[in-house]
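Down below is the structure, laid out as structure tokens.
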Amino acid sequence: MITWHELAVVEPRLADLETEVRAEAEKAETDPMWSFSIYWSRTLRPAIKPLVGWERDTGAYPALHTEEAWHTAISHLIGLLPADDGGWAT
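Numbering (my numbering), first residue to last: 202 to 291.
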């Protein structure tokens, strides 16, 4: 199984995205209007798609093009966000 650390080592932009998600999580904790669904669809999903999964923007590191890599990445990043009443992201 591929780990978050392995993904971030071969795709450093993931570590940058993790920093952004951590900052968003801090804002979300104090914003009663914050919505996981909106953040996922407008910000996080578009940011992660070129980095990992089927729509990755480069052919380097084929393991990053897998469903396993996609799920590892989104599981890690979503886990950094506060709980919301929204459903699981895909």
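Just so it is clear, CB atoms sit at the ideal spot from N, CA and C, and this is done for glycine as well.
1) Got a sec, what are the start and stop residues for the alpha helix (DSSP H) K228 sits in?
2) Please tell me whether W239 and L218 are closer than 8 Å, where the distance is taken between their beta carbons.
3) Using only the alpha-carbon positions, how far apart do A284 and H272 sit?
4) D258 to E212, Cα distance in whole Å?
5) Check each candidate in I203, S236 and T267 and name the one with the smallest Cα separation from P251.
6) Can you list, in chain order, the residues of its chain whose CB lies under 8 Å from that of G287, leaving out five sequence neighbours each side?
7) Are L208 and A274 touching if we call contact CB-CB under 8 Å?
With the structure as the only source:
1) In the sequence shown, the residue the question calls residue 228 occupies position 27. In the DSSP assignment, K228 falls within the unbroken alpha helix (DSSP H) covering P213 to T231.
2) The count along the sequence shown starts at 1 and reaches residue 239 at position 38. The count along the sequence shown starts at 1 and reaches residue 218 at position 17. The sequence given here places Ile at residue 239; Trp does not occur at that position. Taking C-beta atoms as the reference points, I239 and L218 fail to come closer than 8 Å.
3) As a position in the sequence shown, residue 284 is number 83, starting the count at 1. As a position in the sequence shown, residue 272 is number 71, starting the count at 1. When rounded, the separation of the alpha-carbon atoms in A284 and H272 is 18 Å.
4) One-based indexing of the sequence shown puts residue 258 at position 57. One-based indexing of the sequence shown puts residue 212 at position 11. Cα to Cα, the separation comes out at about 11 Å.
5) Indexing the sequence shown from 1 puts residue 251 at position 50. The option with the nearest alpha carbon to P251 is T267.
6) Within the sequence shown, numbered from 1, the residue matching residue 287 stands at position 86. Because the pLDDT at G287 is just 47, under 50, the model does not fix this residue reliably, and the point stays unresolved.
7) Taking the sequence shown and counting its residues from 1, one reaches residue 208 at position 7. Taking the sequence shown and counting its residues from 1, one reaches residue 274 at position 73. Pairing L208 with A274 gives a Cβ-Cβ distance under 8 Å.
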